[in-house]
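Asks: For the sequence shown, position 19 matches number 19 in UniProt numbering, and the numbering has no gaps at all.
Backbone N, C-alpha and C fix where the C-beta goes; we use that ideal spot for every residue, glycine too.
On a predicted model such as this, the values are computed, not experimentally measured, just so you know.
This is the structure I have questions about; it appears just below.
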Amino acid sequence: MNDKEKKYLEESRNDFIDRMKSQSPKKLTKEEKQRAYEFNKELEAYRKKLNNEK
Numbered sequence: 001m002n003d004k005e006k007k008y009l010e011e012s013r014n015d016f017i018d019r020m021k022s023q024s025p026k027k028l029t030k031e032e033k034q035r036a037y038e039f040n041k042e043l044e045a046y047r048k049k050l051n052n053e054k
């Protein structure tokens with residue numbers, strides 16, 4: 001597993017834990033929303049890269 005995959009799995013795990021704790025997007029802090037936005041941008045770029053490789 002490369003570093004990008006490890007980072008993806010760790011971010012996914014953290015995101016899941018955050019959602020379980022909050023259960024409501026209205027409860028997320030500004031920092032958590034920014035982190036989620038950055039993660040989603042990276043995830044989209046990763047998906048595009050995978051689709052281009054196939």
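In terms of alpha-carbon separation, which member of Lys48, Leu50, Ile17 lies closest to Ala36?
Replies: Stepping through the sequence shown from its first residue, residue 36 is reached at position 36. Ala36 has its Cα closest to that of Ile17, out of Lys48, Leu50, Ile17.
Asks: Return the chain-ordered list of same chain residues with a C-beta closer than 7 Å to the C-beta of Arg19, the five sequence neighbours on each side being excluded.
Replies: As a working note, residue 19 is residue 19 in the sequence shown. Excluding sequence neighbours, Arg19 sits near nothing in its chain.
Asks: In whole angstroms, what separates the C-alpha of Glu32 from that of Lys7?
Replies: Locating residue 32 in the sequence shown gives position 32, where the first residue counts as 1. Locating residue 7 in the sequence shown gives position 7, where the first residue counts as 1. Going from the Cα of Glu32 to the Cα of Lys7 covers about 17 Å.
Asks: For a quick check, are the C-beta atoms of Phe39 and Asp3 less than 8 Å apart?
Replies: Counted from its first residue, the sequence shown places residue 39 at position 39. Counted from its first residue, the sequence shown places residue 3 at position 3. Cβ atoms of Phe39 and Asp3: not closer than 8 Å.
Asks: What is the rounded straight-line gap between the Cα of Ser12 and the Cα of Asn52?
Replies: For the purposes of this step, residue 12 is taken as residue 12 along the sequence shown, with counting starting at 1. For the purposes of this step, residue 52 is taken as residue 52 along the sequence shown, with counting starting at 1. Looking at the two C-alpha atoms, the distance is approximately 22 Å.
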